[in-house]
Amino acid sequence: MSGINDFIDNEVKNNDVVVFMKGTPQFPQCGFSGQVVQILDYVGVDYKGVNVLADADLRQGIKDYSNWPTIPQLYVKGEFVGGCDIVREMFQSGELQSHLQAQGIAVKGAA
């Protein structure tokens, strides 16, 4: 199990923006993952998608890692931001964009 934790830790710490999702950014396998991908694409940030469907240990491991029961999960600069609902609310309020910028991540169409 620690191998999975190390893998997750490595992904989270070595990518400025990473989303653990069902499927890939090109082919999301669930609506919630698809929404998060659409939002990230819309704000124009570079991010990495990690497909939890590829590995059952990873699918459970990411839930344990964050203490968050659902997927997708968005991390920015090593910090857990939230799942689909939180990301969507933050996006709609403009908070997501300002959070990304505050972390030094370029977003498209930012003031």
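Residue 1098 is where the sequence shown starts when you use our numbering, and the numbers rise one by one after that.
Beta carbons: idealized from backbone N, C-alpha and C, even for Gly.
- Pro1122 sits away from Gly1158, with the two beta carbons spaced by 7 Å or more.
- For the pair Gln1194 and Met1187, the Cα-to-Cα distance works out to about 8 Å.
- About 11 Å separates the beta carbons of Leu1197 and Val1184, which is beyond the 8 Å limit, so they are not a contact pair.
- In terms of CA proximity to Ala1151, Met1118 leads the group Gly1141, Asp1143, Lys1205, Met1118.
- Collapsing the DSSP output to three states places Val1114 in a strand.
- In the structure shown, Phe1104 adopts helical secondary structure according to DSSP, grouped into three states.
- Cβ neighbours of Ile1101 within its own chain (closer than 7 Å, five residues either side excluded): Asp1154, Leu1155, Gly1158.
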